[in-house]
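Student: The structure that follows is given in the form of structure tokens.
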Amino acid sequence: MDRVPNRWYAALTCDEVPHGRPVGFERLGEPLVLWREPSGAVRCAVDRCPHRGAALSIGRLTDGALACPYHGFRFDGSGACTAIPAHPRAPIPSRMRLDIRPVREAHGFIWMWSGPGPAPDGAIPFFDFAGYTFAGSAFQERWDTHYARVVENELDFAHLPFVHHNTIGRGYPTEVEVEVELAGDHLQVWQPRDPAVRLEVIGPNLWRMPLGPKLFNFIAFAPVSDEAVVLYLRTYQRIVTWRPAARLIGLVNRLTNPVVLAQDARTVPSQRPRVPILTSGEVYVASDQGVVAFHRWRQQAKRAAEAGG
Ligand code: FES
Ligand code: FE
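Just so you know, the numbering used here puts 217 at position 221 of the sequence shown, and the rest follows in order with no gaps.
Laid out in structure tokens, this is it:
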């Protein structure tokens, strides 16, 4: 699927991959199986047994190995086949391997490396939430469009008085002037009349927006395919430190945000083509500068990967 090469994508939440059994998800355009090793380390592979193509996600974990449901072949976390029950004394063919996808856990998410280069060891880029706590209440929803369309929407001030005319956009001025700043993978978009309200993206798929001086809305847009995305919405706050109070703030935010998102969910999945690219002929205007900056950044990352950078 269309993706930004050589980046970490927030793809799932950690609690979506339990201990003790494999689970199946579609992400980055592929059916995947994820499981945890006895140490708790998460592993990910294409959800297709190299023997005869059965889905490993409907298999089981046996003695710490992923066992295929069809003929019981077992695989370790590196993807190597460790047992073929029908031929216990025969050598295992070297091609009997899982197609492993690099994954890491951080900030409560499971991250997938988009390749084609090798996954780096360094810290996964994330917003600086120093002093803030995740309020512990999350909301997730699947939309039928490419994730970059939803990122576009979250960098766009001009839609507020139209899409959200009776909620967050009530009385919002229709005339828009935007400033844009890009530093590495970090994009910021704001209006000069209200510079504190910055829409921020860390490419490829993280977004946040302040709701006042002590609260952030955060969304990770996990790519399922070119035609589907899962939004993971969270609240980060520094209003209170007492955990139950923090959870209450998160809960209020969690209950109000879906109303606003439901308004976006009417228009954004209607956009064609689903995968936005700069050359698709869309006629941008000045208020789209943040959107254009995001797509230029995607385009440059793709070119850098093609050039081997
Ligand atoms: Fe998986 Fe045969 S298809 S073991
Ligand atoms: Fe919106």
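Here a beta-carbon is modelled for each residue, glycine too, at the ideal position from N, C-alpha and C.
Skipping 5 residues on each side, what residues in its chain have a beta carbon closer than 7 Å to that of H103?
Tutor: Answer for H103: F122, listed in chain order.
Student: In its own chain, which residues sit with a C-beta less than 6 Å from the C-beta of Q184, not counting the 5 before and 5 after it?
Tutor: Result list for Q184: E177, R194, E196, in chain order.
Student: With distances taken from CA atoms, which of R39, F153, L247 is nearest C10?
Tutor: Comparing Cα positions, the closest option is R39.
Student: Does the separation of the CB atoms of W107 and R97 fall below 7 Å?
Tutor: Not a contact, by the Cβ cut-off of 7 Å.
Student: Have a look at Q285, L257, D43 and flag the residue whose alpha-carbon is nearest the alpha-carbon of N162.
Tutor: N162 has its Cα closest to that of L257, out of Q285, L257, D43.
Student: Comparing alpha-carbon positions, which option in E33, Y228, P219 lies nearest V271?
Tutor: When only C-alpha atoms are compared, the closest one is P219.
Student: So S283 and V172 are in contact, right, with Cβ under 8 Å, and what is the actual spacing, rounded?
Tutor: The Cβ separation is near 4 Å, so the contact holds.
Student: For Y228, count the other beta carbons within 10 Å of its own beta carbon; 16 or more makes it buried, fewer makes it exposed. Which is it?
Tutor: Answer is buried; the Cβ neighbour count reaches 16.
Student: Under a Cβ-count criterion, where at least 16 other Cβ atoms within 10 Å of its own Cβ denotes burial, should Y232 be classed as buried or exposed?
Tutor: Flag for Y232 reads buried.
Student: What is the rounded straight-line gap between the Cα of R230 and the Cα of L244?
Tutor: Distance between the alpha carbons of R230 and L244: 13 Å.
Student: So with Cβ pairs under 7 Å, would you call G167 a contact of chain B?
Tutor: The displayed structure is made up of one protein chain only, and chain B is not part of it.
Student: Do you know offhand how far P87's Cα is from C77's?
Tutor: C-alpha separation (whole angstroms): 11 Å.
Student: Using a Cβ-Cβ cutoff of less than 7 Å, which residues in the same chain neighbour V146 once the five nearest sequence positions on both sides are dropped?
Tutor: Contacts found: W139, F217, V225, L227, V264.
Student: Going straight from the alpha carbon of E26 to that of D(-2), what length do you get?
Tutor: Rounded to the nearest angstrom, the two C-alpha atoms are 12 Å apart.
Student: Count the other C-beta atoms from every protein chain shown that fall within 10 angstroms of the C-beta of C280, then say buried if there are 16 or more, exposed otherwise.
Tutor: A small correction: the amino acid at residue 280 is Tyr; Cys does not occupy that position in the sequence shown. Classification of Y280: exposed, given that the 10 Å Cβ count is below 16.
Student: Is any heavy atom of the ligand FES found at a distance shorter than 6 Å from the C-beta of F69?
Tutor: Indeed, a heavy atom of the ligand FES lies less than 6 Å from the Cβ.
Student: Say yes only if the C-beta of V29 is nearer than 6 Å to one or more non-hydrogen atoms of the ligand FE, and no if none qualify.
Tutor: Outside the cutoff, so no.
Student: Roughly how many angstroms lie between the CA atoms of F21 and L62, to the nearest whole one?
Tutor: Answer to the nearest angstrom: the Cα atoms are 16 Å apart.
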